[in-house]
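Each protein sequence line maps, in turn, to chains A and B.
First residue of the first sequence? That's 0 in numbering that gives the first Met the number 0, and the numbers climb one at a time after it.
First residue of the second sequence? That's 0 in numbering that gives the first Met the number 0, and the numbers climb one at a time after it.
Protein chains: 2
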Amino acid sequence: MRLFNKVAVIGTGLIGGSMALAIRKKGLAGEVVGVSRHKETLALAKKIGAIDKGSRELSIIRGADLVIFAAPVKTILSLADKARGFIPKEAIVTDVGSTKKQIAAKLEKIFPNYAGGHPLAGSEKRSIANINAEMFKDSLCILTPREKTSPGALRKIKRLWNALGAKVYMMSPGRHDEILSFVSHLPHAVAFSLAGSVPRKYMKFSASGLKDTTRVALSDPRLWTDIFLSNKRNMLKSIKAFEDNLSKIRSAIEKNDEGGLLEILLKEKKKRETLK
Amino acid sequence: MRLFNKVAVIGTGLIGGSMALAIRKKGLAGEVVGVSRHKETLALAKKIGAIDKGSRELSIIRGADLVIFAAPVKTILSLADKARGFIPKEAIVTDVGSTKKQIAAKLEKIFPNYAGGHPLAGSEKRSIANINAEMFKDSLCILTPREKTSPGALRKIKRLWNALGAKVYMMSPGRHDEILSFVSHLPHAVAFSLAGSVPRKYMKFSASGLKDTTRVALSDPRLWTDIFLSNKRNMLKSIKAFEDNLSKIRSAIEKNDEGGLLEILLKEKKKRETLK
Numbered sequence: 000m001r002l003f004n005k006v007a008v009i010g011t012g013l014i015g016g017s018m019a020l021a022i023r024k025k026g027l028a029g030e031v032v033g034v035s036r037h038k039e040t041l042a043l044a045k046k047i048g049a050i051d052k053g054s055r056e057l058s059i060i061r062g063a064d065l066v067i068f069a070a071p072v073k074t075i076l077s078l079a080d081k082a083r084g085f086i087p088k089e090a091i092v093t094d095v096g097s098t099k100k101q102i103a104a105k106l107e108k109i110f111p112n113y114a115g116g117h118p119l120a121g122s123e124k125r126s127i128a129n130i131n132a133e134m135f136k137d138s139l140c141i142l143t144p145r146e147k148t149s150p151g152a153l154r155k156i157k158r159l160w161n162a163l164g165a166k167v168y169m170m171s172p173g174r175h176d177e178i179l180s181f182v183s184h185l186p187h188a189v190a191f192s193l194a195g196s197v198p199r200k201y202m203k204f205s206a207s208g209l210k211d212t213t214r215v216a217l218s219d220p221r222l223w224t225d226i227f228l229s230n231k232r233n234m235l236k237s238i239k240a241f242e243d244n245l246s247k248i249r250s251a252i253e254k255n256d257e258g259g260l261l262e263i264l265l266k267e268k269k270k271r272e273t274l275k
Numbered sequence: 000m001r002l003f004n005k006v007a008v009i010g011t012g013l014i015g016g017s018m019a020l021a022i023r024k025k026g027l028a029g030e031v032v033g034v035s036r037h038k039e040t041l042a043l044a045k046k047i048g049a050i051d052k053g054s055r056e057l058s059i060i061r062g063a064d065l066v067i068f069a070a071p072v073k074t075i076l077s078l079a080d081k082a083r084g085f086i087p088k089e090a091i092v093t094d095v096g097s098t099k100k101q102i103a104a105k106l107e108k109i110f111p112n113y114a115g116g117h118p119l120a121g122s123e124k125r126s127i128a129n130i131n132a133e134m135f136k137d138s139l140c141i142l143t144p145r146e147k148t149s150p151g152a153l154r155k156i157k158r159l160w161n162a163l164g165a166k167v168y169m170m171s172p173g174r175h176d177e178i179l180s181f182v183s184h185l186p187h188a189v190a191f192s193l194a195g196s197v198p199r200k201y202m203k204f205s206a207s208g209l210k211d212t213t214r215v216a217l218s219d220p221r222l223w224t225d226i227f228l229s230n231k232r233n234m235l236k237s238i239k240a241f242e243d244n245l246s247k248i249r250s251a252i253e254k255n256d257e258g259g260l261l262e263i264l265l266k267e268k269k270k271r272e273t274l275k
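Printed below as a string of structure tokens:
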């Protein structure tokens, strides 16, 4: 089922590369082109079959009827300006940035047919070498239209995500950023802090608990600096909520309050059980 | 290679049950008996082949030349008094409690041939139904002798753990409790707090990051209340170290300090990379 003639993926990393590969495998576009800063990435993307053509120059996106910005938030913000000259106003434009408010505010001004998105998929391994055409199967994708978003563009982007196997939710960019600050950004801040707290000489005594709890601290610090700062207000709120919870545990330990501590942990375990 | 004539496992849960099963499978004892509060647990332990005989009465341990206490810390402390009448002073006694200082202080007074241990293995799934004779293969086990610990008892307990496949480290109970507060107890406190911080209605938008980071919050709250309180001083220290680290991230976000934040995350990621 062809949805687009020419799809341009700007940023052929884990998410962009996986989208490109899935779009080609499913025949959703006549042609898929990719842009990356790195020649090696483009060569590998082509070899894997994720793109038909690749270039380090943005001019390759000319003529695309769908443009996907798949880069860190700050990079998307700066690429939007550089890419605008190659994108006609009828082209549909989307992105997969991890926070949506800043990106939406900027891209909707530049591109009349823009609607942002965020697939809740991926991993701490970001490179093209880890791409996977099935990455979005049975995943969630949040689209973040605003009042003035073109319904036609939104419909088309939704069809794309459905074709990639994702269930689509719609919400405002602000709502997205609030939710993600709790379910994704806070866990990363916590995991980084936890990894940083363990004295190096104790590391060899760690079992699976510490490993799982800090796995996402293997994520790219540049990407996460960008995410934390572009979602500042929500991050401060979610960190505060977490600090309050941890200080309840600390204070129960301080007071040897067995009943109180048990009650806290029972409640938190019950909350965790709602995670499928 | 038979090391003992009769082994008594007091508490046939995940760790005790797996030890019993491995001891029988490897022929390390002439006989293995188990004690549990639950008839069903004993029936299942016998059916799986973890024990030769089981009872809810401690008297079944009579005649054992190795007694293993495999229960939560507080339970071990109270069982030691109840079991002493059935344990002759020449019997070797050990335990697998998660914190060691309180247990060592008490058990070494009662049993002349006591040396504590803590296998760094297990999972949040605690019941006999999840036992596994290979649980300790390639794992670490910490033994916590003190100056007055009988060298003969210690040697025998070390041989047992080596036979179960574990690499053995020796350190004082106090040192053990400090290390574990960082590599195990703190991650649990953090995971419980994190699970408690996410608004319930946002849970459905979580991806693998939140799941991994909070997996250990599925652990038994009773067991962990017990661990946190029996390791109070170290817990307060490790929580403080973590809070200081998180507040560095928070403060860099507050100040929009991109360079500072990146530096923190890079350092923490590097630390995480030392975890095999």
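C-beta atoms are modelled at their ideal positions from N, C-alpha and C, and glycine is treated no differently.
Note that the coordinates shown come from a computational prediction; the quantities given were computed from them, not determined experimentally.
With H, G and I counted as helix, E and B as strand and the rest as coil, what does DSSP make of residue i?
i	result
B:Phe110	coil
B:Leu193	helix
B:Gly10	coil
B:Pro30	For clarity, residue 30 of chain B is Glu in the given sequence; the question names Pro instead. Strand.
B:Ser180	helix
B:Thr98	coil
A:Ile60	helix
B:Thr273	coil
A:Met202	helix
B:Asn4	strand
A:Ile67	strand
B:Met134	coil
A:Lys157	helix
B:His37	coil
B:Thr212	helix
A:Leu265	helix
Between residue i and chain B, is any beta-carbon pair separated by less than 7 Å?
i	result
A:Ser97	no
A:Pro220	yes
A:Gly173	no
A:Met0	no
A:Glu267	yes
A:Gly116	no
A:Gly208	yes
A:Leu260	yes
A:Ser205	yes
Comparing the C-beta of residue i with each C-beta of chain A, is any distance below 7 Å?
i	result
B:Thr74	no
B:Pro144	no
B:Ser196	yes
B:Tyr201	yes
B:Ser160	Looking at the sequence itself, residue 160 of chain B is Trp, so the reference to Ser does not match. Not an interface residue.
B:Pro186	yes
B:Phe191	yes
B:Phe181	yes
B:Asp211	yes
Which word fits residue i, buried or exposed, when buried means at least 16 other C-beta atoms lie within 10 angstroms of its C-beta?
i	result
B:Thr40	buried
B:Asp137	exposed
A:Ser237	buried
B:Met18	buried
B:Pro198	exposed
A:Lys270	buried
A:Ser97	buried
B:Pro150	exposed
A:Arg249	buried
B:Thr273	exposed
A:Gly258	exposed
B:Ala132	buried
B:Ala90	buried
Do residue j and residue i have their beta-carbon atoms positioned less than 7 Å apart in this structure?
i	j	result
A:Lys99	A:Gly84	no
A:Val92	A:Val66	yes
A:Phe135	B:Ser192	no
A:Val167	A:Leu142	yes
B:Ala69	B:Val6	no
B:Leu2	B:Leu27	yes
Which residues in the same chain as residue i place their Cβ atom closer than 8 Å to its Cβ, once the five residues preceding and following it in sequence are excluded?
i	result
A:Glu267	Asn244
A:Lys81	Leu57
Which same chain residues end up closer than 7 Å to residue i when comparing Cβ atoms and leaving out the 5 residues on each side of it in sequence?
i	result
B:Gly48	Leu20, Arg23
B:Asp51	Glu30, Val31, Val32
A:Asp176	Thr98, Lys99, Lys100, Asn230, Asn233
B:Pro144	Ala114, Leu153, Met169
A:Ile102	Val72, Ile75, Leu76, Asp94, Gly96, Gly115
B:Pro111	Lys88, Ser149
In chain order, what residues of the same chain lie with their CB nearer than 6 Å to the CB of residue i, ignoring the 5 residues before and after it?
i	result
A:Leu260	Ala251
B:Leu106	Ala79, Tyr113
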